[in-house]
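Numbering (our numbering), first residue to last: 717 to 1009.
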């Protein structure tokens, strides 16, 4: 597929930088976002136009890309009266870069297939800065022929593009990845909070833990906040809370239980309810510090 027209919905920090990268590489864009300043920034760079509805965007696009916040938002954009499903062209491909519930992804994929269109779920790793430079990690899944069709464009956006198999495997892998990561951050943040309550020097605790197998980039993020007051992970408690909820829903759909995830989800929800949702995940240290019996 040579220089397809790309429709892109969701121009937040990650999506906006992904679009800028695609524009620098010569792609024609059709975009939508509730933030009109973000839309204006795309239009100002040229070779782009704004669509008035997801249907109009889909009608004008060879590939439709979504970088949205929740499965509910994705379903609204796909299934609304003026949604993507109403306008998508035969042979077009929908790529969902967000973190969604795998069962929802598979349902959307089946409904698109009935209209002759394909779908790839392709959640992302790394940061908005990597997005701007086309250096994301992309966990892609879907029909292999559909994946191969869009892989040249994915290669423009990611340094590492992993093909994981059938539709939904990308979102499944991302949820497992985020379960591991967010549980690790919550655990380490609570370790620093308990150290504070116990009168243990947090810097010394870090020095000791970081010389052993617990050392990791996540530990560094937690230390940066709990010891140095620098919040630099770039992933909010609200987003982590949403992803752990999705992970638990996926686990339920699999007919099993993840008690560790339940504990992490409880902590994230409590921190969110305490007004810390906009903070980066290591800031849950503040919640743990105030926690009483």
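Glycine included, every Cβ here is placed at the ideal spot set by N, Cα and C. Treat the numbers as computed from the prediction; the structure is a model and nothing was measured.
Query, Result
"What are the boundary residues of the alpha helix (DSSP H) that residue 823 is part of?", "818-829"
"If you draw a straight line from the alpha carbon of residue 883 to that of residue 977, how long is it in whole angstroms?", "24 Å"
"Using beta-carbon positions only, say whether residue 815 and residue 959 come within less than 7 Å of one another.", "yes"
"In the DSSP assignment, find the unbroken alpha helix (DSSP H) run with residue 1003 in it and report its ends.", "1000-1006"
"Just list the beta strand (DSSP E) runs in the segment 830-871, keeping only unbroken ones of 3 residues or longer that don't cross its boundaries, in chain order.", "834-837 and 852-856"
"Would you report the Cα separation of residue 903 and residue 890, rounded to the nearest angstrom?", "20 Å"
"Among all the DSSP beta bridges, which residues are the ones paired with residue 782?", "725 and 812"
"Can you tell me which of the three DSSP states residue 795 falls into?", "helix"
"Determine the closest residue to residue 856 out of 818, 963, 933 and 799, with distance taken between C-alpha atoms.", "818"
"Would residue 811 and residue 836 be called neighbours here (beta carbons separated by less than 7 Å)?", "yes"
"Looking at the strands, I want to know which residues DSSP matches up with residue 996.", "952"
"Helix or strand or just coil, what does DSSP make of residue 755?", "helix"
"Determine the contact status of residue 766 and residue 747, defining contact as a CB-CB distance below 7 Å.", "yes"
"Determine the closest residue to residue 720 out of 776, 930 and 737, with distance taken between C-alpha atoms.", "776"
"Where does residue 745 fall in DSSP's three states?", "strand"
"Going by the C-beta, is residue 777 closer than 6 Å to any heavy atom of the ligand NAP?", "With respect to the ligand NAP, the structure offers nothing, as it holds no ligand at all."
"If we ignore side chains and look at the alpha-carbon of each, how far apart do residue 787 and residue 915 end up?", "43 Å"
"What is the DSSP secondary structure of residue 928, reduced to helix, strand or coil?", "coil"
"Is the CB-CB distance between residue 953 and residue 997 below 7 Å?", "yes"
"Would you kindly work out how many angstroms separate the C-alpha atoms of residue 717 and residue 847, rounded to a whole number?", "Note that residue 717 scores a pLDDT of 48, beneath 50, so its modelled location is shaky and nothing firm can be said."
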